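Q: Residues 1 to 448 in our numbering are what the sequence shown spells out, letter by letter. Glycine residues also receive a C-beta, built at the ideal position from the N, C-alpha and C atoms. Owing to the predicted nature of the structure, the values given are computational and were not obtained by experimental measurement.
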Amino acid sequence: MDLKKIHNVYFIGIGGIGMSALARYFKSIGKEIFGYDRTSTVLTQELESEGIHITYKDLIETIPEEIVIENSLVVYTPAIPENHIQKNELIKQGFSLYKRSEVLGLITENTTCLAVAGTHGKTSTTSLLGHILHENQVKSTAFLGGICENYNSNLILGGNEYSVVEADEFDRSFLKLSPNVMAITSMDADHLDIYGEHAALEKSFQDFVNKLPEDGVLITKKGLPIQGITYAIEEEADFIAKNIRIERGAFVFDVWNKENLYTDFKLYLPGRHNIENALAAIAVALETGLDFNQIKKGIQSFQGIKRRFSIHHNKEVVYIDDYAHHPTELNAAFNAVREMFPYKKLLTVFQPHLFSRTQDFVEDFAKSLEQVDELILMDIYPARELPIEGVTSEWLLSKIEIEKKEIGTLKNTLKKIKEKEFDVLLTVGAGNIDTLVEPIKKWLKNER
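Given below as structure tokens:
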């Protein structure tokens, strides 16, 4: 497909974080953008304010008349159900429908593609890398899986010599990309509803690595089954973070690389896992010709990602919101809380994401959630799935061996929070738990 001949683009599922980044990109290069989504959200409202036309009704008559085969591109997300009226009508009319990953591959194929993959850490690493390049005027565009606080966007525009891409392993999407430099942050078991077993997930990562050209560069966290240029904290690797300390709310660390020591990197993100993410971003950024001092400047000015350990507070309590939805991610969030706020009473509200993930990792979730002082466990957010018999939040709660625990719903959780005593409140999950963030912040500001 020749994207230059496309005048109009229609996104089915435009409210998704990856889809909206593509919509913003096409808008920035002068295309007319239309989209469908099931519900209005803060993100879709922002898109509308940017001049993007969105319908929330899945009807044939709400397909924009501008969407014609001759000059239009239709992009859809795999989360759209098979019986979607608009999707099936467009197929009936003869349109070729493209997945987001396919279009991202087309956009980036003529750039030097810097791809970040991994079951955890890829959004933070991609965003940090995109910011480092932008701060140093490297001609690049970054497509992110989260909203970067520095830009209040999931797209960082700055040219097309380099593309920075979050390479998603879900339904093997990353195999549509043509990376030149690749970082892999983690390969824990996840998406077993797609892969069936961990070995199949690992094979897909190997297939992704095999897409690198002969002169391509592979960067990996030390200890992964696939090894390239390695990075680690305080252990032997090609890039090592050493002398880690906390100064005035920031991690400060030194980086050892090939017998050279580079001192005093400042990172204003909590959790030691983010130092690992910074090492990955450093290693990739060096491949663009930047030096350590230029990279250091970008790391210090990085403000983080919305819903990635976003901290809010008043005089009495601290409120943290995080996107964690896998046991490994929960552990990282809890470790960061305990590191920053030791001996403080932690109230956690967790919304499990997907019935299949809850079923696959129920014991790991239970063990992880036993680290909190008090727990409100919300109903499972289904996303693209139908219920699985017996897989409920009540079932998960029964396996969590702490004294103070209860079930909450989207409607009653805020009321429950207001009745609790705590020093730190943590909301975690990848579903619609995010709709509680603003009401909680408002309550903390005005009432507590």
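Go ahead and label Lys-176 buried or exposed: buried means 16 or more other beta carbons lie within 10 angstroms of its beta carbon, across all protein chains shown.
A: buried
Q: For Gly-196, which residues of its own chain have a beta-carbon under 8 Å away from its beta-carbon, when the five flanking residues on both sides are left out?
A: Any reading at Gly-196 is ruled out, since the residue's pLDDT is 49, under 50, leaving its predicted position unreliable.
Q: What is the DSSP secondary structure of Glu-187, reduced to helix, strand or coil?
A: Note that residue 187 is Met in the sequence shown here, rather than Glu. In the structure shown, Met-187 sits in coil (DSSP, three-state: anything other than H, G, I, E or B).
Q: If we count Cβ pairs, one from each stretch, closer than 8 Å, do we get three or more for the segment 201 to 208 versus the segment 127 to 142?
A: Because the criterion of three Cβ pairs below 8 Å is not met, the segment 201 to 208 and the segment 127 to 142 do not touch.
Q: Taking just the CA atoms, how far does Ile-107 sit from Glu-166?
A: Those two C-alpha atoms are separated by around 14 Å.
Q: Would Leu-3 be called buried (16 or more neighbouring beta carbons within 10 Å of its own) or exposed?
A: With a threshold of 16 other beta carbon atoms within 10 Å, Leu-3 falls short and is exposed.
Q: Spell out the partners DSSP gives Met-378 in its beta bridges.
A: Gly-408
Q: Which whole runs of the beta strand (DSSP E) in the segment 110 to 136 are 3 residues long or more, in chain order?
A: 112 to 117
Q: For Val-362, which three-state DSSP category applies?
A: In the three-state DSSP reduction, Val-362 falls in the helix class (H, G or I).
Q: If you follow the alpha helix (DSSP H) that Glu-161 is part of, which residue opens it and which one closes it?
A: Looking at the DSSP string, Glu-161 is not in any alpha helix (DSSP H), and its letter there is neither H nor E.
Q: Taking just the CA atoms, how far does Leu-155 sit from Ser-140?
A: 11 Å
Q: At 3 residues or longer, what runs of the beta strand (DSSP E) sit wholly inside the segment 15 to 103?
A: 32 to 36, 53 to 55, 72 to 76 and 97 to 99
Q: Express the C-alpha separation of Gly-30 and Met-1 in angstroms, rounding to a whole number.
A: One C-alpha to the other measures close to 18 Å.
Q: Using the C-alpha atoms, what's the distance from Leu-286 back to Val-372?
A: Rounded to whole angstroms, Val-372 to Leu-286 spans 39 Å at the Cα level.
Q: Select from Gly-118, Met-182, Arg-384 and Ala-281 the residue whose C-alpha is nearest the C-alpha of Phe-355.
A: It is Arg-384.
Q: Could you tell me the alpha carbon to alpha carbon distance between Tyr-98 and Pro-78, rounded to whole angstroms?
A: 10 Å
Q: Assign Ser-186 to one of two classes, buried (16 or more other C-beta atoms within 10 Å of its C-beta) or exposed (fewer than that).
A: buried
Q: Taking one C-beta from the segment 35 to 52 and one from the segment 9 to 18 each time, how about it: are there three or more such pairs within less than 8 Å?
A: yes
Q: Who are the near neighbours of Thr-62 in its chain, counting only those whose CB is closer than 6 Å to its CB and skipping five residues on each side?
A: Thr-55
Q: Throw me the rounded Cβ distance for the Gly-455 and Glu-276 pair, which I believe falls under 8 Å.
A: For the chain, the structure presents residues 1 to 448; residue 455 sits outside this window and is missing.
Q: Locate the alpha helix (DSSP H) running through Val-337, then write down its first and last residues.
A: 327 to 340
Q: Excluding five sequence neighbours on each side, which residues of the same chain lie with their C-beta closer than 7 Å to the C-beta of Leu-267?
A: Ala-250, Phe-251, Asn-274, Ile-275, Ala-278 and Ile-299
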